[in-house]
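Trainee:
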Amino acid sequence: MQAALRTVSLTPRKGISHTVTRLLSTNPAASPWFADPEPVYQKQTPPHLTPKIQEFPPNLPDPIKQLYINLTRSPLLEPSTLDVHESIAPPPGLPLPKRAPQGRRKRGRTYAGEGIDQDAVGGIWNWVVIAQVKEGTENRGSIAAVVRSVRKTLLTIDTPIHLPPGSKRRAHNGWAVVDAGNFAVHILSRDTWKKYFEHLNQ
């Protein structure tokens, strides 16, 4: 702090003059010498709001990267739960028991239906994006708002992705899925995430 000495002459009523030397600051914005500096408080982000550092796999498609970056900026999502990874195919279930056709019309035989190729990796989708809305906002339209944001992002990126028409159903019951072809985006409430997806981060 720059300061200057100034001599001030004072003349009391009795006629005795004396000189007082004042220490005056040349910087009007500076604090006086007798005042302690104000402490500087640094705002720290709570652990559950700390953005998760995601290392993308080398073969991750660019549309998913752009979507992930946009989701990290959403104020409706918990940053620590945002995740993207390759889809994990569930283990196959038990085969249906063989049953011969019955009756005159030959009905009731075993038919497992048409499914996906057994050699397909990850099941229906190759990639899965998981996003959880902030706790307490799932019943106030946050899931539907994130779904609209995801659809808008995928339709306006450099290489737009053709999506089926959006559902008019507003009640998502804590879970909504956006099918984007070779990947899916799951938007979840906290209870749904803890029940079905929390083990993936362990």
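Residues 10 to 211 in our numbering are what the sequence shown lists, from first letter to last.
Even for Gly, the Cβ is constructed at its ideal location relative to N, Cα and C.
Nothing here was measured: the structure is a model prediction, and the numbers come from that model.
1. If I measure Cβ to Cβ from G117 and keep anything under 7 angstroms in the same chain, skipping five residues before and after, which residues do I get?
2. Mind checking who H195 pairs with in its DSSP beta bridge?
3. For E144, which option in S89, H94 and G190 has the closest C-alpha, if you only look at C-alpha atoms?
4. Helix, strand or coil for R31, going by three-state DSSP, please let me know.
5. Check for me: the beta strand (DSSP E) holding D92 runs from which residue to which?
6. Would a C-beta distance cut-off of 8 angstroms place I196 and V142 closer than the cut-off?
7. Out of V93, L85, R114 and T162, point me to the one whose CA is closest to S280's CA.
8. Under three-state DSSP, which class holds R116?
9. Cβ atoms of L164 and P72: under 8 angstroms apart, would you say?
10. Could you tell me the alpha carbon to alpha carbon distance between W134 and P48, rounded to whole angstroms?
11. According to DSSP, L86 sits in a beta bridge with which residue or residues?
12. Can you check which of these residues, L91, A98 and S83, is closest to R157 by C-alpha distance?
13. Measure the C-alpha to C-alpha separation of T168 and R149 and round it to an integer number of angstroms.
14. Assuming the contact rule is C-beta atoms closer than 8 angstroms, A189 and I170 should be a hit. Round their C-beta distance to whole Å, please.
15. For V159 and V187, which I take to be in contact (beta-carbon distance under 8 angstroms), what is that distance rounded to the nearest angstrom?
16. Which same chain residues end up closer than 7 angstroms to K203 when comparing Cβ atoms and leaving out the 5 residues on each side of it in sequence?
17. In angstroms with no decimal places, state the Cα-to-Cα distance between L103 and I97.
18. Does the distance from the CB of D200 to the CB of I139 come in under 8 angstroms?
Mentor: Judging by the given coordinates:
1. Within the same chain, R108, P110 and Q111 come within 7 angstroms of G117 by CB-CB distance, once the 5 residues on both sides are set aside.
2. I139 and V186, per the DSSP bridge assignment.
3. Cα-wise, what sits closest to E144 is S89.
4. Note that R31 scores a pLDDT of 47, beneath 50, so its modelled location is shaky; the value from the coordinates is reported in the next line. Strand at R31.
5. For D92, the uninterrupted beta strand (DSSP E) run begins and ends at D92 to E95, by DSSP.
6. At a Cβ-Cβ threshold of 8 angstroms, I196 and V142 count as neighbours.
7. Nothing about residue 280 can be reported from this structure: the residues present for the chain run from 10 to 211 only.
8. Of the three classes helix, strand and coil, the one that applies to R116 here is strand, per DSSP.
9. Contact: no.
10. Taking the straight line from one Cα to the other gives about 53 angstroms.
11. As a beta-bridge residue in DSSP terms, L86 pairs with V142.
12. Checking every option, the nearest Cα to that of R157 belongs to S83.
13. Their Cα atoms are separated by approximately 32 angstroms.
14. 5 angstroms between Cβ atoms; contact.
15. Contact holds; Cβ gap of about 5 angstroms.
16. Apart from the 5 residues on each side of it in sequence, K203 has no Cβ closer than 7 angstroms to any other Cβ in its chain.
17. Their backbone Cα atoms lie some 19 angstroms apart in a straight line.
18. For D200 and I139, no; Cβs fall outside 8 angstroms.
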